[in-house]
Every structure is written in structure tokens, then in C-alpha cells.
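Asks:
Number of protein chains: 2
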Amino acid sequence: MTHTTDQCAARPPGRPRSERAAKAIVDATLDLLAEEGGVAGVSIEAVAARAGVGKTTIYRRWPNKEALIIDALAALKGPLPEPRGESLREDLYALAKAFVADKSDKKRVDCYWSVLGSSERYPELMDRFTREIVEPRREVIREVLRRGVASGELRPDLDVELTLWILTGAVAHRTRAAGAGPVPEDYAERVVDALMTGLAPR
Amino acid sequence: MTHTTDQCAARPPGRPRSERAAKAIVDATLDLLAEEGGVAGVSIEAVAARAGVGKTTIYRRWPNKEALIIDALAALKGPLPEPRGESLREDLYALAKAFVADKSDKKRVDCYWSVLGSSERYPELMDRFTREIVEPRREVIREVLRRGVASGELRPDLDVELTLWILTGAVAHRTRAAGAGPVPEDYAERVVDALMTGLAPR
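Protein chains in written order, with my numbering: chain A, 64 to 265; chain B, 64 to 265.
(1) Do the CB positions of A/L221 and A/L151 come within less than 8 Å of each other?
(2) Chain A partners of B/L221, CB-CB under 7 Å?
(3) Going by other Cβ atoms of all chains shown within 10 Å of its Cβ, with 16 needed for buried, is B/K166 buried or exposed?
(4) Which word fits A/S214, buried or exposed, when buried means at least 16 other C-beta atoms lie within 10 angstroms of its C-beta?
(5) Contact check, B/T238 vs B/V163 under 8 Å by CB: the rounded distance?
(6) Starting from the Cα of B/E195, find the closest Cα among B/P186, B/I133, B/I204 and give me that residue.
(7) If contact means a Cβ-Cβ distance below 9 Å, which residues of the region 109-123 of chain A contact chain B?
(8) To the nearest angstrom, report how far apart B/P245 and A/A240 are at their CA atoms.
(9) What would DSSP say about B/V116, mapped onto helix, strand or coil?
(10) Expressed to the nearest angstrom, what Euclidean distance is found between the alpha-carbon atoms of B/G261 and B/A137?
(11) Whose CA, out of A/E82, A/V110, A/Y175, lies closest to the CA of A/M189?
(12) Between B/G148 and chain A, is any beta-carbon pair separated by less than 8 Å?
(13) Report the rounded CA-to-CA distance for B/S106 versus A/E187, giving the unit in angstroms.
(14) Does the Cβ-Cβ distance between B/L95 and B/A84 come in under 8 Å?
(15) Using a cut-off of 9 Å between C-beta atoms, extract the partners of A/G215 located in chain B.
(16) Going by alpha carbons, who is nearest to A/L208 out of A/A87, A/S81, A/L155?
(17) Report yes or no: is there a C-beta of chain B within less than 8 Å of the C-beta of A/F192?
(18) Going along chain A, which residues have a C-beta under 9 Å from B/D197?
(19) Taking Cβ positions, are B/L143 and B/R200 nearer each other than 8 Å?
(20) When DSSP labels each residue in this structure, what does A/V255 get in the three-state scheme?
(21) Out of B/E82, B/R123, B/V172, B/L158, which one is the CA nearest neighbour of B/L93?
(22) For chain B, is any of its Cβ atoms less than 8 Å away from the one on A/V254?
(23) Excluding five sequence neighbours on each side, which residues of the same chain lie with their C-beta closer than 7 Å to the C-beta of A/A111?
(24) Are the C-beta atoms of A/P79 and some chain B residue less than 8 Å apart?
(25) Find the residues of chain A that neighbour B/L179, judging by a C-beta separation of less than 8 Å, and give them in chain order.
(26) Measuring straight from C-alpha to C-alpha, what distance separates A/E98 and A/R265?
(27) Are the C-beta of A/T92 and some C-beta of chain B separated by less than 8 Å?
(28) Answer with buried or exposed for B/C71, where buried requires no fewer than 16 other C-beta atoms within 10 angstroms of its C-beta.
(29) Using a Cβ cut-off of 8 Å, pull out every chain A residue sitting near B/I204, in sequence order please.
(30) Could you name the residues of chain D that A/A157 contacts, counting a contact when the two beta carbons are closer than 7 Å?
(31) Please decide whether A/A257 counts as near chain B, where near means a Cβ-Cβ distance under 8 Å.
(32) Quick one, which of B/A243, B/M259, B/E252, B/A135 has its alpha-carbon nearest A/T193's?
(33) How would you write the range of the alpha helix (DSSP H) that B/A137 sits in, first residue to last?
(34) Under the three-state reduction of DSSP, which class applies to A/P199: helix, strand or coil?
(35) Tell me whether B/A263 sits in a helix, a strand or coil according to DSSP, three-state version.
(36) Can you give me the Cβ contacts of B/Y185 inside the same chain, cut-off strictly under 6 Å, excluding the 5 residues immediately before and after it?
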């Protein structure tokens with residue numbers, strides 16, 4: 064314990080208390096999103112109480128709860144792996160695996176669904192969520208698919224958008240479907256292989 | 064209005080008041096599931112108040128709220144179309160279309176997600192939901208896939224279980240994904256065609 068305290072004391076002065084408060088606020092927001100099951104369950108009051116800060120501390124950084132929720136959701140997502148561009152199949156493996164990991168993180172998924180479930184009541188929040196958090200990740204996948212078409216590893220007439228939905232859907236659905244159990248270790252690779260080959264005999 | 068009242072009055076005596084009450088109870092349960100966003104938001108008291116019946120009327124038919132919720136969810140699902148067995152591709156079209164329709168019904172989807180979101184707190188409810196409502200529908204799809212392998216319309220080494228997840232995932236995800244917009248009319252057919260052909264050049 065002393066050791067930890069020493070480390071804290073040794074922290075450079077550039078890492079101020081306000082940064083620790085910001086992290087506590089973001090964490091509290093995510094906890095409330097996951098537990099209360101919706102945007103309606105998050106309020107600046109509730110976040111302040113849970114984070115152990117005053118409301119003023121929150122309003123100093125975020126104008127409203129929508130802005131806070133967007134930042135909190137963005138903090139949840141790591142970046143997708145940078146596609147290496149050497150082999151289409153390897154790049155798809157890596158993306159699908161990252162997506163499986165993403166969707167297997169219960170808190171993450173609970174937060175997303177709680178936002179999706181509130182989409183009708185918070186259309187602007189939903190728009191920002193889509194534009195700033197979801198779409199950039201989809202674009203990485205589209206770019207890999209386009210490159211695969213260009214390199215001849217994918218069919219020349221491939222429907223990139225449709226393929227995006229099939230690939231992400233196969234992963235997202237499996238991680239969440241009723242009674243489906245844990246996702247097998249090699250699930251991402253098996254999905255990619257099955258999609259590449261197709262269902263019809265060759 | 065008089066006409067409607069006459070029709071009600073003319074109802075055969077075999078359609079008793081208890082049946083109308085049962086329908087009101089099931090509808091109230093679904094409303095609460097969809098609106099309250101979770102099994103916890105449903106109580107026998109709340110259902111009784113919403114349906115305009117006494118709690119005794121509910122307990123006469125359902126021992127507890129879990130049993131009531133299962134019956135309500137079962138009432139939401141129509142049967143999947145009976146596969147005609149003439150062409151694998153046509154059967155897959157029909158199943159995927161039915162699945163799109165199912166997933167595009169907002170109240171239906173809200174109810175399912177509200178149950179899925181409560182799965183940890185209500186494991187028995189979740190088990191019954193999977194076993195009695197979800198699995199029989201999955202089995203229809205598996206059966207069509209097995210038949211396609213047997214007829215040579217599908218690859219002899221097809222992974223039926225994996226294909227089930229890919230097919231249902233492609234549809235389920237698209238109907239619900241953030242910012243994806245309405246599902247195109249021909250989406251089900253395009254998914255099936257894309258899956259049949261595969262992503263790699265032939």
C-alpha cells in the first residue's frame with residue numbers, strides 16, 4: 064500500500080486531480096448506463112454521486128449528459144487493429160477477432176444496447192454515437208474489403224456494404240444470442256473461412 | 064360504434080370473458096416488457112393495473128410472472144414459414160424474409176432484448192425462453208440446411224451450426240445496427256445469394 068501511495072505521490076504535477084476526477088466521472092457514467100439499462104437512468108446528479116464529485120466538476124468539462132455519454136462510450140472502444148495489408152484473409156481474421164473481443168465484453172455490450180434501446184428518445188445522441196464511434200470502425204472493415212476486391216482476393220462484383228453487415232452480424236449475433244453459450248476460440252476465423260468459401264459446392 | 068357493440072353482443076357464449084381478460088393480461092405484459100426495458104419492470108401488480116383486472120384473475124392462470132412472460136413472448140412469435148422443400152435457395156429466402164419481418168417489428172424486438180438484458184437475473188426464465196421459443200425456430204433453419212447438404216445444393220462439408228449463426232446474424236444485426244436505416248426490400252435474398260456464392264472469386 065505504501066508503495067502505491069508513493070507512486071501516486073511521485074506522479075508528475077502534470078497529472079492533475081481533475082484528470083482523475085474525469086476518469087471517475089466517465090467510469091460512473093458507464094456503470095450507470097450498464098446498470099440502469101438506458102440513457103434515462105443516467106443523470107448528472109447520479110454520476111456526481113457515484114463518482115464522488117460535485118456537479119460543477121462535471122459541468123466544467125461536459126455541457127450536458129449527452130456529451131458525457133458520448134465521451135464515455137468512446138473511452139470504451141479501443142481502436143480496431145490496423146490492417147497489415149499483406150493478406151486479405153489475415154486482415155479479416157484480425158478484424159473479426161477484435162470484433163468478437165469487443166462484443167464479448169459484457170459491460171461494453173450492455174452500454175451499447177442501453178444507448179441503442181434509448182435511440183428514439185435521444186436521436187441526437189444516437190447520431191453522434193453512430194457518426195463518431197461506430198462508423199469509423201465500419202470504415203476500416205470496408206477499406207479492407209475494397210482492398211481485397213482490388214487485389215483479386217475477393218470477387219470483383221462483391222457488395223462491400225452487404226459483406227460488412229454479414230461479417231459483423233455473424234459475430235455480433237453469436238456473442239449475444241439466447242442460449243448460444245461462450246464463443247469458441249476459433250469462431251472469428253471459422254466465420255471468415257466459411258464466408259470466403261460460400262455455402263454452395265465449388 | 065353500434066355495429067361493433069352488436070358484434071360483441073353476438074359473440075358466441077363459448078368465447079368467455081376470461082379469454083378476453085387473458086389477452087388483455089398478455090398485452091399488458093408485453094407493453095410493460097417493451098416500455099420498462101426489463102423483466103424487473105414487470106410485476107403482477109403492474110400487469111393487473113394495466114390490463115384492468117384483479118391480481119387473482121392473473122394468478123388463476125399463471126403461477127408467477129415468469130410463466131406469464133414466457134406465454135406473452137410465445138404469443139409474439141408467429142411460426143416460421145413451413146419450408147416447401149423444392150429448392151434450397153427458395154427455402155432460405157423464405158426463412159430469411161420471415162426473420163427480417165420478425166426483427167423489424169419494434170415491439171417484438173424490444174421485448175426480446177428486454178428479456179435478454181435480464182438474463183443474468185432470471186436464468187430459469189432465460190432457459191425456458193431459449194428452449195421453448197428460440198430453439199424450435201433455429202431447428203427449422205438447421206433442418207433446411209441439412210436437407211440442402213443431402214441434396215447437394217450445399218457443400219458436403221458445410222458447418223450447419225456456423226451457417227445458422229451467419230445467416231441469422233446477418234439479418235438480426237442489420238435490422239438493429241446503429242444508423243443502418245431501414246432494411247432494403249430485397250435484403251433477405253441478397254444475404255442468401257451472397258452467402259451461397261462466397262466472397263472469394265469462383
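No residue lacks a Cβ here, since even glycine has one placed at the ideal position from N, Cα and C.
Replies: Result, derived from the coordinates:
(1) The criterion of a C-beta distance shorter than 8 Å is not satisfied by A/L221 and A/L151.
(2) Within chain A, the residues near B/L221 are L262.
(3) Under this definition B/K166 is a buried residue.
(4) Exposed, by the Cβ-count rule.
(5) Contact holds; Cβ gap of about 7 Å.
(6) Taking only the C-alpha atoms, the option nearest B/E195 is B/I133.
(7) Result list empty, no residue passes.
(8) Straight-line Cα distance between these residues: approximately 22 Å.
(9) Look at B/V116 here: in three-state DSSP terms it is coil, with no helix or strand label.
(10) Straight-line Cα distance between these residues: approximately 35 Å.
(11) If you compare the alpha carbons of A/E82, A/V110, A/Y175 with that of A/M189, the shortest gap goes to A/Y175.
(12) Answer no: the Cβ-Cβ gap between B/G148 and chain A never drops below 8 Å.
(13) Using only the alpha carbons, I get a separation of about 33 Å.
(14) Inclusion of B/L95 and B/A84 in the CB contact set at 8 Å is not warranted, their separation being larger than that value.
(15) Under the 9 Å cutoff, chain B gives P264.
(16) Per the Cα distances, A/L155.
(17) It does: the Cβ of A/F192 has a partner Cβ on chain B nearer than 8 Å.
(18) The sequence shown places Val at residue 197 of chain B, not Asp. The contact set of B/V197 on chain A, defined by CB atoms closer than 9 Å, consists of A240, A241, G242 in chain order.
(19) Yes. Within cutoff.
(20) In this structure, A/V255 counts as helix in the three-state DSSP scheme.
(21) Considering only alpha carbons, the answer is B/V172.
(22) Judged by the 8 Å Cβ criterion, A/V254 is in contact with chain B.
(23) These residues qualify, in order along the chain: G117, K118, I121.
(24) With 8 Å as the cut-off, A/P79 does not count as an interface residue toward chain B.
(25) Neighbours of B/L179 in chain A, taken as residues whose beta carbon is under 8 Å from its own, are R239, A241 in chain order.
(26) Going from the Cα of A/E98 to the Cα of A/R265 covers about 49 Å.
(27) Contact of A/T92 with chain B is not assigned, every C-beta pair being separated by 8 Å or more.
(28) Note on B/C71: pLDDT 44, under 50, position unreliable in the model; the coordinate value appears next. With fewer than 16 other Cβ atoms inside 10 Å of its own Cβ, B/C71 counts as exposed.
(29) Listed along chain A, no residue sits closer than 8 Å to B/I204 by beta-carbon distance, the nearest being about 12 Å off.
(30) The structure shown contains no chain D; the protein chains it does contain are A and B.
(31) For A/A257, at least one C-beta of chain B is nearer than 8 Å to its own C-beta.
(32) Looking at the Cα atoms, B/A243 is the closest of the given residues.
(33) Per DSSP, B/A137 belongs to the alpha helix (DSSP H) from 128-139.
(34) A/P199: helix per DSSP, three-state reduction.
(35) In the structure shown, B/A263 sits in coil (DSSP, three-state: anything other than H, G, I, E or B).
(36) Only V102 meet the Cβ criterion.
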